[in-house]
């Protein structure tokens, strides 16, 4: 790279910029570009506190969440973290949450969660939370049944569910489902547009 050197007369002598100067400038420019790209592409985080033994939670899962995943997760704009609670019933809903986490150990958290919410359904069929029913559901999803039962009976996932409940308390969650994004906290079941509006506002703030 050549730059002019000021001087008297008609002509100006030219001087080469040392390579050791060019490289740092190039690296700084590259870093700024990367930071700009990362700022545009880092997905926003959505946290959903939910409980299998919660009718409003089932509605959010079946009616709202699929649309949000299609619009925002599939396009890389957002990621959704599901935090399962055992708040509705210390026995059945706690067991159901642990079952889903055990399924997650075999890579089928989403599939098991979908199937269990579907089994609970609008009829709020609590019979699906028995050990037998939870195990049957695992078998239907081709999980290793022995490993699933061992995980469920061991209570190994109880600590994780209790940690979720502690985080829910720290986040001031008193009603389920609870949808957290940015400074927004939406509790209970709301129309789809309510969640979309919150997401769009957060995206607008975070987009350079």
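In the numbering used here, the protein residues as written are 59 to 266.
Heads up, the beta-carbon is just placed ideally off N, CA and C, and yes, glycines get one too.
Problem set entry | Residue closest to residue 231, alpha-carbon to alpha-carbon, out of 246, 240, 173 | As a first step, residue 231 is located in the chain shown; it is residue number 173 there, counting from the start. Of the candidates 246, 240, 173, the one whose C-alpha sits nearest the C-alpha of residue 231 is 246.
Exercise. For residue 166, which of helix, strand or coil comes out of DSSP?
Worked result: The residue labelled residue 166 in the question sits at position 108 within the chain shown. In the structure shown, residue 166 sits in coil (DSSP, three-state: anything other than H, G, I, E or B).
Exercise. Alpha carbon to alpha carbon, what distance is there between residue 115 and residue 235?
Worked result: Counting from 1 along the chain shown, the entry for residue 235 is found at position 177. Counting from 1 along the chain shown, the entry for residue 115 is found at position 57. One C-alpha to the other measures close to 5 Å.
Exercise. For residue 263, does the three-state DSSP call read helix, strand or coil?
Worked result: For the purposes of this step, residue 263 is identified with residue 205 of the chain shown, where counting begins at 1. DSSP places residue 263 in helix when its eight states are reduced to three.
Exercise. Is the Cβ-Cβ distance between residue 143 and residue 218 less than 8 Å?
Worked result: Taking the chain shown and counting its residues from 1, the one referred to as residue 143 is at position 85. Taking the chain shown and counting its residues from 1, the one referred to as residue 218 is at position 160. Their beta carbons are not under 8 Å apart, which means residue 143 does not touch residue 218 by this criterion.
Exercise. Counting only runs that start and end within the segment 136-167, where is the alpha helix (DSSP H) found for 4 or more residues in a row?
Worked result: 150-163
Exercise. Are residue 199 and residue 173 closer than 8 Å when you measure CB to CB?
Worked result: If you number the chain shown from 1, residue 199 lands on position 141. If you number the chain shown from 1, residue 173 lands on position 115. Yes, Cβ-Cβ distance for residue 199 and residue 173 is below 8 Å.
Exercise. Around the C-beta of residue 134, are 16 or more other C-beta atoms found within 10 angstroms, so that it is buried, or is it exposed?
Worked result: Taking the chain shown and counting its residues from 1, the one referred to as residue 134 is at position 76. In summary, residue 134 is exposed, with fewer than 16 beta-carbon neighbours lying within 10 Å of its beta-carbon over all protein chains present.
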